[in-house]
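Asks: Would you mind keeping the following structure in view while I ask a few things?
Numbering (this note's numbering), first residue to last: 5 to 215.
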């Protein structure tokens, strides 16, 4: 089966991302980086979002050695209008961070968290879930919580929801840490919204109640 035939199959996938990820992995194992760069660039020009998803998976692999591609992810892919492509951007960002090491990626993580584009900020909070399962953050829990908590008053509802969900993830294993963090929050509408998402972890009730 040639690439064009594979793309026809990919374009017909109605849900999910595994076929796109698997196709990107096969391409990465088969072709040299220079050819992959051209292929990914060509794929991203497609009007078919499933094909753009494949491109973004490839970008995540290529960005480690290619600053231009990494900048393209941040500045261009983040503006893609299809939410499914944005989900893959989050995964591609994690691929990049994992490849260079999460500690080394900290300056980049902070840079993306301060981006003016909501999709770029969300790519960090969503892409690194579950944060405390990631190397470095597993042993530096306070840094993960601090970085995520910085999004609690984000102007984007989309980003705040991701922030709340990511902090709720952490609360399942470290409830006392998240409750202590919540004690330092204010009472703004945005903070209450994020707190409500976190407290969907029913086990936090005991801690909030005074344990």
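Glycine included, every Cβ here is placed at the ideal spot set by N, Cα and C.
Assuming residue 134 and residue 173 make a contact with CB atoms under 8 Å, what is their CB distance in whole Å?
Replies: Residue mapping note: residue 134 aligns to position 130 of the chain shown, counting from 1. Residue mapping note: residue 173 aligns to position 169 of the chain shown, counting from 1. That pair is a contact at about 4 Å.
Asks: Give the secondary structure of residue 35 by DSSP, where H, G and I count as helix, E and B as strand, and everything else as coil.
Replies: One-based indexing of the chain shown puts residue 35 at position 31. Coil.
Asks: Measure the C-alpha to C-alpha separation of residue 25 and residue 55 and round it to an integer number of angstroms.
Replies: Walking along the chain shown from the start, residue 25 turns up at place 21. Walking along the chain shown from the start, residue 55 turns up at place 51. Distance between the alpha carbons of residue 25 and residue 55: 11 Å.
Asks: Under a three-way DSSP split, which group does residue 5 fall into?
Replies: Indexing the chain shown from 1 puts residue 5 at position 1. Coil at residue 5, not helix or strand.
Asks: DSSP three-state call for residue 29: helix, strand or coil?
Replies: As a working mapping, residue 29 is identified with position 25 in the chain shown. Residue state, collapsed to three classes: helix.
Asks: Less than 8 Å between the C-beta atoms of residue 123 and residue 82, yes or no?
Replies: In the chain shown, counting from the first residue as 1, residue 123 sits at position 119. In the chain shown, counting from the first residue as 1, residue 82 sits at position 78. Contact: yes.
Asks: Could you check which residue in 91, 96, 86 has the C-alpha nearest to that of residue 73?
Replies: Along the chain shown, read from residue 1 onward, the residue named residue 73 stands at position 69. If we check each option's Cα against that of residue 73, 96 comes out closest.
Asks: Distance, Cα to Cα, residue 219 vs residue 16?
Replies: Nothing about residue 219 can be read from this structure; the chain reaches only from 5 to 215.
Asks: Might you give, ordered along the chain, the residues of its own chain that have their beta carbon closer than 7 Å to the beta carbon of residue 165, omitting 5 neighbours on each side?
Replies: For this step, residue 165 is matched to residue 161 along the chain shown. Taken in chain order, the residues that qualify are 201.
Asks: If you draw a straight line from the C-alpha of residue 125 to the C-alpha of residue 53, how long is it?
Replies: On the chain shown, residue 125 is found 121 positions in, with the first residue counted as 1. On the chain shown, residue 53 is found 49 positions in, with the first residue counted as 1. Answer to the nearest angstrom: the Cα atoms are 21 Å apart.
Asks: Tell me which residues share the same chain as residue 204 and place their Cβ nearer than 8 Å to its Cβ, disregarding the 5 neighbours each side in the sequence.
Replies: As a working note, residue 204 is residue 200 in the chain shown. Same-chain partners within the cutoff: 172.
Asks: Starting from the Cα of residue 198, find the closest Cα among 178, 159, 109 and give me that residue.
Replies: Position 194 of the chain shown holds residue 198. Ranking 178, 159, 109 by Cα distance to residue 198 puts 159 first.
Asks: How many whole angstroms separate the CB atoms of residue 185 and residue 149, which I take to be in contact at a CB cut-off of 8 Å?
Replies: Sequence index remark: in the chain shown, residue 185 carries index 181 (1-based). Sequence index remark: in the chain shown, residue 149 carries index 145 (1-based). Their Cβ separation, rounded to whole angstroms, is 5 Å, which keeps residue 185 and residue 149 in contact under 8 Å.
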